[in-house]
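Quick note on the numbering used here: the sequence shown kicks off at 739 and runs consecutively.
Yeah, the Cβ is synthetic: ideal placement off N, Cα and C, and Gly gets one too.
Step one of this worksheet: look at the structure below.
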Amino acid sequence: MPNMGRTIEAFEEYGLRDTVRIMVGGAPVRLEFADDMGADGYGENAMECVDMAKRFMGAGEAEEVEEEVESVPVAGSD
């Protein structure tokens, strides 16, 4: 779970955070944890995240990223 927050930090570090919506969830994750790490959405299970993704898409929040990114290291892989 610590890599969830590191992943969000990596998106921020590489200037990509505003190009994606990050959702987290599942049994080990709680809403407070999602809020603390800066996730855009939280779901108790996969189906809630699917519904949330559909809402994001329907709200016009999902846009194609036209800029290519050559390489972004995986968080925590130093």
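- The three-state secondary structure of Gly763, taken from DSSP, is strand.
- When C-beta atoms of the stretch 773-781 are compared with those of the stretch 741-748, three or more pairs fall below 8 Å, so the two segments count as touching.
- Taking C-beta atoms under 8 Å as the contact rule, Val762 and Met742 qualify, at a distance of about 6 Å.
- A straight line joining the alpha-carbon of Arg755 with that of Phe794 spans about 15 Å.
- Residue environment analysis places Gly764 among the exposed positions, since fewer than 16 neighbouring C-beta atoms fall within 10 angstroms of its C-beta.
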